[in-house]
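In this note's numbering, the protein residues as written are 175 to 319.
In what follows, a structure is listed as C-alpha cells, so that the remarks can point back to it.
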Amino acid sequence: MGFKVTTNWQSSPSEEGEFNRDHEVKFGSGQTIQTSSAPEYKGNADKVNPEECLLAALSSCHMLTFLAIAHLKRLPVASYIDNATADLGQNAAGKIAVVKMTLEPKVVFAEGVEVDDDTLAKIHEKAHANCFIANSLACEVDIKH
Numbered sequence: 175m176g177f178k179v180t181t182n183w184q185s186s187p188s189e190e191g192e193f194n195r196d197h198e199v200k201f202g203s204g205q206t207i208q209t210s211s212a213p214e215y216k217g218n219a220d221k222v223n224p225e226e227c228l229l230a231a232l233s234s235c236h237m238l239t240f241l242a243i244a245h246l247k248r249l250p251v252a253s254y255i256d257n258a259t260a261d262l263g264q265n266a267a268g269k270i271a272v273v274k275m276t277l278e279p280k281v282v283f284a285e286g287v288e289v290d291d292d293t294l295a296k297i298h299e300k301a302h303a304n305c306f307i308a309n310s311l312a313c314e315v316d317i318k319h
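Structural data, given as C-alpha cells:
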C-alpha cells in the first residue's frame, strides 16, 4: 500500500533577496491545501505549514486507531476532540526538529457507556502503540487524557 501527494511551488513576486514560500499540496484523494512555511520562517500565517501537517497526521492517526479499538471493545464514542501541540527544538544531532508532540484528546462515550480512567488509559496506550504515524516518528509523543 502506498500514498501520494503532489507539492507544487511556482516562483512569484517577493521581497528582494527573498523567495515566496507559498505552495500547494494536492493529496491522492484530490483535495488540495494551500501551504507555506511557518511565520517564524518567513512563511504565510494564513496557510497551513509542514509542522501543522505532521501534527495533524499524528493526531488523526491516534484518533482513528483509538476509535477502532473502542469499536472492537463495543464502547461507542460520541465525540473525540484533540487539542494537540508540537514543539520545535534541537534533536540529538543538533538539528532543528519537531522534538515533542503532545496529544490532549477529550473523549466522550455514548450516553450510558461508562469507561473508567484505567480502561481509557489502556485504550490510549494501545492506540499509540498501533498508530502508524506514531510508529514512524523519532520525537517524543506525550498523550494527556
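Note that the Cβ used here is the ideal one computed from N, Cα and C, for glycine as well.
Shortest Cα-Cα distance from I307 to any of G268, G202, A231, E278 involves A231. Distance between L294 and T259, taken at the CA atoms: about 21 Å. For P224, the enclosing alpha helix (DSSP H) starts and ends at 224-246. About 17 Å separates the CB atoms of V281 and V315; that is not less than 8 Å, and the two are not in contact.
Sequence-distant Cβ neighbours of P187 in its own chain, meaning closer than 8 Å and more than five residues away, are N194. Taking 8 Å as the cut-off, the beta carbon of C313 is found closer than this to the beta carbon of V272.
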